[in-house]
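Structure first, commentary second.
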Amino acid sequence: MNKWTQRLMYFVALSFFLLFSTLSFSQNNFRVTGIIRDANGQPVEGVTVQEKGTTNTTQTKQDGSFQLNVSSGSAVLVLSSVGYDRKELPVNNTAQLTTSLTAAANSLEDVVVVGYGTRKRVEVTGATTSISGDNLRTVQTTNLTQALQGRLAGVTATPNTFRPGAGSSIRIRGNRSLSASNEPLYVVDGFPVSYTIDDMNPADIETIDILKDAAATAIYGVRGANGVVQITTKKGKAGKVSVSYQGSQSVESIIRPMPVFHGAELADAWRQAFFADTSYTRTRGVRSSTNSLFYFPDALADLALFKNRFGSTEQWNSIKDAYEWLIYDPVNNIYIPRRRATTTDERSLLQNLNNIYRSSMRTDSIDIYDPGKVKSFDWGKEVGLRHGQTTNHSISVTAGSDKLRAGFNAGYFKQIGIEYAQDYTRYSVGTSAEFRPVKALTFGASISYIHSITNTSTSTYANALGMIPLVEPFDSAGNYVLFPNKDQQIVSAVNDRETVFDETKANRVFGNVYAELNLFKGLRYRTMFGLDTRNSTRGTFNGAQSSVRLGSPANASQTTNTASSWVYDNILTYNTRINTNHSINVTLLQELQSLNRSSSLTLSANNLIFESQKWYSLERNTDATVTGSGTYSASQYLSYMGRVEYGFKSKYLLTVSTRYDNSSVLAENAKGAWFPAASVAWQIDRENFFSGQSFLTSAKLRFGIGTVGNASIAPYQTGGPLAFTNYNWGNGQAAIGSAPTTFQTPDLGWEKTTTKNL
Numbered sequence: 004m005n006k007w008t009q010r011l012m013y014f015v016a017l018s019f020f021l022l023f024s025t026l027s028f029s030q031n032n033f034r035v036t037g038i039i040r041d042a043n044g045q046p047v048e049g050v051t052v053q054e055k056g057t058t059n060t061t062q063t064k065q066d067g068s069f070q071l072n073v074s075s076g077s078a079v080l081v082l083s084s085v086g087y088d089r090k091e092l093p094v095n096n097t098a099q100l101t102t103s104l105t106a107a108a109n110s111l112e113d114v115v116v117v118g119y120g121t122r123k124r125v126e127v128t129g130a131t132t133s134i135s136g137d138n139l140r141t142v143q144t145t146n147l148t149q150a151l152q153g154r155l156a157g158v159t160a161t162p163n164t165f166r167p168g169a170g171s172s173i174r175i176r177g178n179r180s181l182s183a184s185n186e187p188l189y190v191v192d193g194f195p196v197s198y199t200i201d202d203m204n205p206a207d208i209e210t211i212d213i214l215k216d217a218a219a220t221a222i223y224g225v226r227g228a229n230g231v232v233q234i235t236t237k238k239g240k241a242g243k244v245s246v247s248y249q250g251s252q253s254v255e256s257i258i259r260p261m262p263v264f265h266g267a268e269l270a271d272a273w274r275q276a277f278f279a280d281t282s283y284t285r286t287r288g289v290r291s292s293t294n295s296l297f298y299f300p301d302a303l304a305d306l307a308l309f310k311n312r313f314g315s316t317e318q319w320n321s322i323k324d325a326y327e328w329l330i331y332d333p334v335n336n337i338y339i340p341r342r343r344a345t346t347t348d349e350r351s352l353l354q355n356l357n358n359i360y361r362s363s364m365r366t367d368s369i370d371i372y373d374p375g376k377v378k379s380f381d382w383g384k385e386v387g388l389r390h391g392q393t394t395n396h397s398i399s400v401t402a403g404s405d406k407l408r409a410g411f412n413a414g415y416f417k418q419i420g421i422e423y424a425q426d427y428t429r430y431s432v433g434t435s436a437e438f439r440p441v442k443a444l445t446f447g448a449s450i451s452y453i454h455s456i457t458n459t460s461t462s463t464y465a466n467a468l469g470m471i472p473l474v475e476p477f478d479s480a481g482n483y484v485l486f487p488n489k490d491q492q493i494v495s496a497v498n499d500r501e502t503v504f505d506e507t508k509a510n511r512v513f514g515n516v517y518a519e520l521n522l523f524k525g526l527r528y529r530t531m532f533g534l535d536t537r538n539s540t541r542g543t544f545n546g547a548q549s550s551v552r553l554g555s556p557a558n559a560s561q562t563t564n565t566a567s568s569w570v571y572d573n574i575l576t577y578n579t580r581i582n583t584n585h586s587i588n589v590t591l592l593q594e595l596q597s598l599n600r601s602s603s604l605t606l607s608a609n610n611l612i613f614e615s616q617k618w619y620s621l622e623r624n625t626d627a628t629v630t631g632s633g634t635y636s637a638s639q640y641l642s643y644m645g646r647v648e649y650g651f652k653s654k655y656l657l658t659v660s661t662r663y664d665n666s667s668v669l670a671e672n673a674k675g676a677w678f679p680a681a682s683v684a685w686q687i688d689r690e691n692f693f694s695g696q697s698f699l700t701s702a703k704l705r706f707g708i709g710t711v712g713n714a715s716i717a718p719y720q721t722g723g724p725l726a727f728t729n730y731n732w733g734n735g736q737a738a739i740g741s742a743p744t745t746f747q748t749p750d751l752g753w754e755k756t757t758t759k760n761l
């Protein structure tokens, strides 16, 4: 290449550099700095500052400051942060900006859903917390419980497992019971549901209000012992038609895999372990005058350890290529490795070890060994995990007029787990309507249908972590190896993705109908009936070549379960004000509940003939006996509740309530119990002296005390349940009879908890 050609190339390269630099500078050639504060002048940290119409973003620092290069001086900044209203701020060729954000609409005048009614937030005397549906949906989640994680004070939401479709648990201010359920009560649009909320679509949620202390939850009696989660779904609004769609597609992968040895590390760890036991020798025995001990990797000692002692030709084949061989003749059992001279440090170490172990290890040379040539199979990466995928689509339509409000929603959700053979699919559709033919009368109804499919198998990743990286799941012919480690206690589960199935298909329908009548000014009567049903079929199958059956004939089972709950409420409410200073609200309730009336039937069979048939038609697919079992349970409650709320000048508030619950699961003489509660509140920020300071924007002092009861136990425990058993009369013939499985508990009563909250 001559001198002029080189200069030409330099010129072209410099021209391209200057061109792209100019383009880059022209795209972001206006620098904006600023500070964002709240309504009280305090800096707001973590505000997202985005140039409108682009992906150009930054966030404010602890002092509320930010810096962003925008395309031009006419750009518009979009400011957003949790708890504040979204704001658009034109730059207007201003390099230094200062602005403030307004707190979101969940202000002191918000309406909070409390037991059997709604109240303004300032009028609530019990401990409550709320979150809007829009706030819930700021983060993509797989279910409603996951959306609540870390979002509300005093509320802990955790998944039971991380498998797709796995259930979750919510705890409000911790656990309250040692033996009974600690799950809170879930109320959807005023209807207490009995089954999980995880199959509800988060896109359908308007607000969630959580009642936390006994003063707030006592009106729900037995079912409110662990707190109450009030869920309000989207409804139509008068004079407005709204259509919304929400969709997302995401890919999941493990962030930090479990650290495990690769092949060379594991081989070295075994050498060190056997050396410490003075048995890393060439004849599988403990070192002796004729059986030398080795410290550094030795080809013949490895042959004795991995192939002969462990009995694994596969492990030896993964290691042997790390050595250099003068002669490698397995047929005639001749193995002569190449050796190299030891370094000064290696000789010194071997001499010291000879003195310590009183051995005669050769110090002048060692076998040539390259750990980088040890074959290693990453079980976790290759067969334990995959990239997961989540697809979510939701659509809702709401509309309303002065007399009619209606809404419709539909959703599709599918999650493919990062473990093989783990996935969850959910289809949901729902509708609601409210009709007000005359001013004093309102009818309403809502219904939701959810179909879900959950597939699980054995945990391939957990199994992979226990496998040896010196072996692989398939042999040289591509056949599956059940015991690749040559250890009958460690089984490969790679084949389980094709031979182990656990599928649950569930159909759930829940909804309610209600009517509300204004009898006269301030007095309102409401009646409501709600039904929650869930029917499911679960099939399990374990193939012969699975880690479950270990070569034995396949088995399978099928379980059908039918469950339903219903609630019937009659509520009378009276509201009045006296001389504008006194407000009084009285609520009376009568409630009937039938909870979790469920029945199940399970069929099981071994020695399946056709594995492809899985759990279907078991009686025609086995040469063994099909066994069956079934269960049935039900419980009922009868309840009465009264509540009086009094407020003076909206500053001094008092709430007193009591509820009587009668439960069928308790002993005859202990079925019923009263649960009283009381709370007071002082709205300090409405006092005259409060306006003279600027340190606080609102202040409220609240105290509550209440007693709640828990009877969330299985029925039929008071009389001593009976079970079938065989009894030998002494003549060699067994008679079938019944015997108690547990002792009677004739005094089984309520588990009561009294809490105080300040």
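Okay, so the sequence shown: first residue is 4 according to this note's numbering, each after it adds one. Glycine included, every Cβ here is placed at the ideal spot set by N, Cα and C.
query: Pairwise C-alpha distance: Ile257 and Phe746; result: 49 Å
query: Gly712 - DSSP class collapsed to helix/strand/coil; result: strand
query: Own chain, CB closer than 6 Å to Ala637, minus 5 neighbours either side, in chain order; result: Arg600
query: For Asn521 and Gly752, the rounded distance between their alpha carbons; result: 39 Å
query: Leu606 to Lys617 span [Cα, whole Å]; result: 13 Å
query: Close-in-space but distant-in-sequence residues of the same chain around Leu595 (CB under 7 Å, 5 per side omitted); result: Tyr571, Leu641
query: C-beta atoms of Ile339 and Leu329 nearer than 8 Å; result: yes
query: Cβ shell of Tyr360 (< 8 Å), same chain only, five flanking positions each side left out; result: Thr281, Arg290, Leu296
query: Contact between the segment 395-408 and the segment 149-169 (3+ Cβ pairs under 8 Å); result: no
query: Cβ shell of Asn302 (< 6 Å), same chain only, five flanking positions each side left out; result: Reading the sequence as shown, one finds Ala at residue 302 and not Asn. Same-chain partners within the cutoff: Tyr326, Pro340, Asp370.
query: The beta strand (DSSP E) enclosing Gly250, as first and last residue numbers; result: 245-255
query: The segment 494-507 contacting the segment 429-448, beta-carbon criterion three pairs below 8 Å; result: no
query: Short Cβ contact (8 Å threshold) for Thr132 with Ile213; result: yes
query: Within 8 Å, strictly: CB atoms of Ala566 and Thr590; result: no
query: Within 8 Å, strictly: CB atoms of Asn163 and Ala169; result: yes
query: For Thr658 and Gly645, believed in contact at Cβ under 8 Å, the rounded distance; result: Rounded, the Cβ-Cβ distance is 12 Å, inconsistent with contact.
query: Sequence-distant residues of its chain with Cβ nearer than 6 Å to Lys654 (five each side left out); result: Gln686, Arg689
query: Pairwise C-alpha distance: Thr710 and Lys755; result: 7 Å
query: Ser184 versus Ser715 - alpha carbon distance; result: 6 Å
query: At least three beta-carbon pairs within less than 8 Å, the segment 242-260 to the segment 269-284; result: no
query: Boundaries (first-last residue) of the alpha helix (DSSP H) holding Asp212; result: First-last for Asp212: 208-214, but that is the beta strand (DSSP E), not the alpha helix (DSSP H).
query: Status (buried if at least 16 other CB within 10 Å, exposed otherwise) for Arg529; result: buried
query: For Asn2, the nearest candidate out of Tyr663, Pro46, Arg40, Val35 (CA to CA); result: A question about residue 2 goes unanswered here, because the residues of the chain that appear run from 4 up to 761.
query: Beta bridge counterpart(s) of Val659 as assigned by DSSP; result: Val647, Ala681
query: Contact between the segment 197-211 and the segment 231-249 (3+ Cβ pairs under 8 Å); result: yes
query: Where the alpha helix (DSSP H) containing Asp499 begins and where it ends; result: 499-502
query: Coil, strand or helix - Val512 by DSSP; result: strand
query: Exposure label - Val142; buried when at least 16 CB within 10 Å; result: exposed
query: Limits of the unbroken alpha helix (DSSP H) element including Thr745; result: No alpha helix (DSSP H) holds Thr745; DSSP gives it neither H nor E.
query: Phe194 versus Asn515, Ile612, Leu598, residue with shortest Cα-Cα distance; result: Asn515
query: Under 8 Å between C-beta atoms of Asp216 and Thr757; result: no
query: Pick from Val244, Gly37, Asn665 that is closest to Leu80, judged by C-alpha positions; result: Gly37
query: Cα-Cα separation, Ser399 to Tyr248; result: 7 Å
query: Closest residue to Tyr372 among Phe416, Tyr298, Asn311, Asn665 (Cα-Cα distance); result: Tyr298
query: 8 Å contact criterion, which His396 and Tyr423 should meet: CB distance rounded; result: With a Cβ gap of about 25 Å, His396 and Tyr423 do not count as contacting.
query: For Val474, the three-state DSSP class (helix, strand or coil); result: coil
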